Amino acid sequence: MTLSDIARRLQTTRSAAFRTVYTLAQQGYLLHNPQTGRYTLGPAVLRLGYGYLATRELVEVALPELEKLRDRTDWSAHLGVRDGRFVLYMLRVPSHMGLASIVHVGSRLPAAGTTMGRVLLADLSESDLVRLYRDETYQNAPGQTPRSLGELVAQWQRDRGTPAIVQIGSFETGIASIAAPVRDIEGNVVAAINATQSASADRVDSIDTGIRDEVVRTADAITRLLGGMPTSPRKEGTGT
Numbered sequence: 001m002t003l004s005d006i007a008r009r010l011q012t013t014r015s016a017a018f019r020t021v022y023t024l025a026q027q028g029y030l031l032h033n034p035q036t037g038r039y040t041l042g043p044a045v046l047r048l049g050y051g052y053l054a055t056r057e058l059v060e061v062a063l064p065e066l067e068k069l070r071d072r073t074d075w076s077a078h079l080g081v082r083d084g085r086f087v088l089y090m091l092r093v094p095s096h097m098g099l100a101s102i103v104h105v106g107s108r109l110p111a112a113g114t115t116m117g118r119v120l121l122a123d124l125s126e127s128d129l130v131r132l133y134r135d136e137t138y139q140n141a142p143g144q145t146p147r148s149l150g151e152l153v154a155q156w157q158r159d160r161g162t163p164a165i166v167q168i169g170s171f172e173t174g175i176a177s178i179a180a181p182v183r184d185i186e187g188n189v190v191a192a193i194n195a196t197q198s199a200s201a202d203r204v205d206s207i208d209t210g211i212r213d214e215v216v217r218t219a220d221a222i223t224r225l226l227g228g229m230p231t232s233p234r235k236e237g238t239g240t
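With UniProt numbering, you'll find the sequence shown wraps up at 240, consecutive numbering, no jumps.
Okay, structure coming up:
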C-alpha cells in the first residue's frame, strides 16, 4: 500500500498517516520500497503473533498445574511474566480460604519488590539489569523493595541460582509469597509462578521446608510441559 492508500483507509491526512507509518517502519513493523513507494508488513509483525501464541500456550498449560498447587497447599497461586520493570499477572487461582489479595489478572507490580519479579530479574545479566533500571528513581519503592541500584544488584546476586524466592511481609504486610521459575527449552526463564497466603515471620522455617518444595515442583512440571528444562544449563553467575 502507498502512503495515500494508508491515509485513505485510516481516514486521515497524509501528514498524520506518515508519522504513524514512519514510526512503524522504524520499529520493523512495516517495510518501505523506495522504488514503488509502497509499504508492506515487516518481520516485527511475526513477533507479535508468536508472542500471542506463546503466551496463550503458557496460560493453557499452567492453569491446571496451578489449580493442583492450590488444591495441595490451599495457597493462592499465580503466573506472571516480566513487562519491563514490572511483573504482569497472567493467571490467578485463589485459595479456597478466600484470602483477600491486591492482585488480579492484568495487575502490574514492581518486579524488584515481588517474588515473581525477582525470579524473572534473576535471569537477566548484570549489564541488562543495570540498563533496565538505569534511570529508576526508587523514591516510591513499596515495602522492602531495594532503594538504590546498588541494593538492587546485591539482591539480584543473592537471587541468582536459587530454586525459589521466599518473602514474608516484604512487599505486602502479613502475606507470604514463594516463587519459582518456568523455563523454556534453552533454559531461559520465560515466566514465574508463586503461591501466596497470610503468614507471620515466625513461619519461615515451615514455609521453606513445605510449600516451597511444592512451588518448585509445580514450576518444574510446567517447564516440562512446555518442552523446557527445569534447571538452567548455564553456569551459575553467567549472563544470559
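Quick reminder that beta carbons are idealized off the backbone N, C-alpha and C, glycines included. Values in this document were obtained by computation on a predicted structure and should not be read as measured data.
### Message
Determine whether the beta carbon atoms of F86 and A111 lie at a separation below 8 angstroms.
### Response
Counted from its first residue, the sequence shown places residue 86 at position 86. Counted from its first residue, the sequence shown places residue 111 at position 111. It is a contact, given that the beta carbons lie within the stated cut-off.
### Query
Does the beta carbon of V87 sit closer than 8 angstroms to a beta carbon anywhere in chain D?
Given the protein chain composition of this structure (a single chain), no chain D is represented.
### Message
Quick check: what's the CA-CA separation for E65 versus G228?
### Response
The residue you call residue 65 lines up with position 65 of the sequence shown. The residue you call residue 228 lines up with position 228 of the sequence shown. A straight line joining the alpha-carbon of E65 with that of G228 spans about 15 angstroms.
### Message
I want to know whether the segment 176-186 touches the segment 143-151 - three or more CB-CB distances under 8 angstroms.
### Response
The segment 176-186 makes no contact with the segment 143-151: fewer than 3 CB pairs, one atom from each, lie closer than 8 angstroms.
### Task
Could you check which residue in R131, L132, S148 has the C-alpha nearest to that of Q139?
Translated into positions along the sequence shown, residue 139 becomes position 139. Looking at the Cα atoms, S148 is the closest of the given residues.
### Query
Which residues bound the alpha helix (DSSP H) around M116?
Within the sequence shown, the letter at position 116 stands for residue 116. Unbroken alpha helix (DSSP H) run through M116: 115-121.
### Query
How many Å lie between D159 and R72 at the Cα?
Position 159 of the sequence shown holds residue 159. Position 72 of the sequence shown holds residue 72. Using only the alpha carbons, I get a separation of about 26 angstroms.
### Message
So if DSSP puts S177 in a beta bridge, which residue, or which two residues, is it bridged to?
### Response
One-based indexing of the sequence shown puts residue 177 at position 177. Answer is Q167, T196, bridged to S177.
#### Entry: Residues near Y39 in its chain [Cβ-Cβ closer than 8 angstroms; skip 5 each side]
For the purposes of this step, residue 39 is taken as residue 39 along the sequence shown, with counting starting at 1. Around Y39: M1, T2, L3, I6, V21, A25, L30, L31, H32, N33.
### Task
State yes or no: is the C-beta of H96 nearer than 7 angstroms to some heavy atom of the ligand ZN?
Among the components modelled here there is no ligand, and therefore nothing to report on the ligand ZN.
### Query
Under three-state DSSP, which class holds L3?
Indexing the sequence shown from 1 puts residue 3 at position 3. It is helical.
### Query
Among Q155, L41, V93, which residue has its Cα nearest to the Cα of V105?
Here residue 105 is taken as the residue at index 105 of the sequence shown, counted from 1. Here the closest residue by C-alpha is V93.
### Inter-residue CB distance, Q167 and T115 (contact presumed, cutoff 8 angstroms)
Start at 1 with the first residue of the sequence shown, and residue 167 comes out as number 167. Start at 1 with the first residue of the sequence shown, and residue 115 comes out as number 115. With a Cβ gap of about 5 angstroms, Q167 and T115 count as contacting.
### Message
Could you give the first and the last residue of the continuous beta strand (DSSP E) run that contains L88?
### Response
Residue 88 sits at position 88 when you count from the first residue of the sequence shown. Element bounds for L88: 86-93.
### Message
Quick check: what's the CA-CA separation for L132 versus A154?
### Response
As a working mapping, residue 132 is identified with position 132 in the sequence shown. As a working mapping, residue 154 is identified with position 154 in the sequence shown. In a straight line, the C-alpha of L132 is about 15 angstroms away from that of A154.
### Query
DSSP state of R82, grouped into three classes?
Position 82 of the sequence shown holds residue 82. Looking at R82 - three-state DSSP - the assignment turns out to be strand.
### Task
Buried or exposed for L120, please, with buried defined as at least 16 other CB atoms from any protein chain shown within 10 angstroms of its CB.
Residue 120 sits at position 120 when you count from the first residue of the sequence shown. By the 10 Å Cβ count, L120 comes out buried.
### Task
Would you mind stating whether W75 and T196 have Cβ atoms separated by less than 8 angstroms?
As a working note, residue 75 is residue 75 in the sequence shown. As a working note, residue 196 is residue 196 in the sequence shown. It is a contact, given that the beta carbons lie within the stated cut-off.
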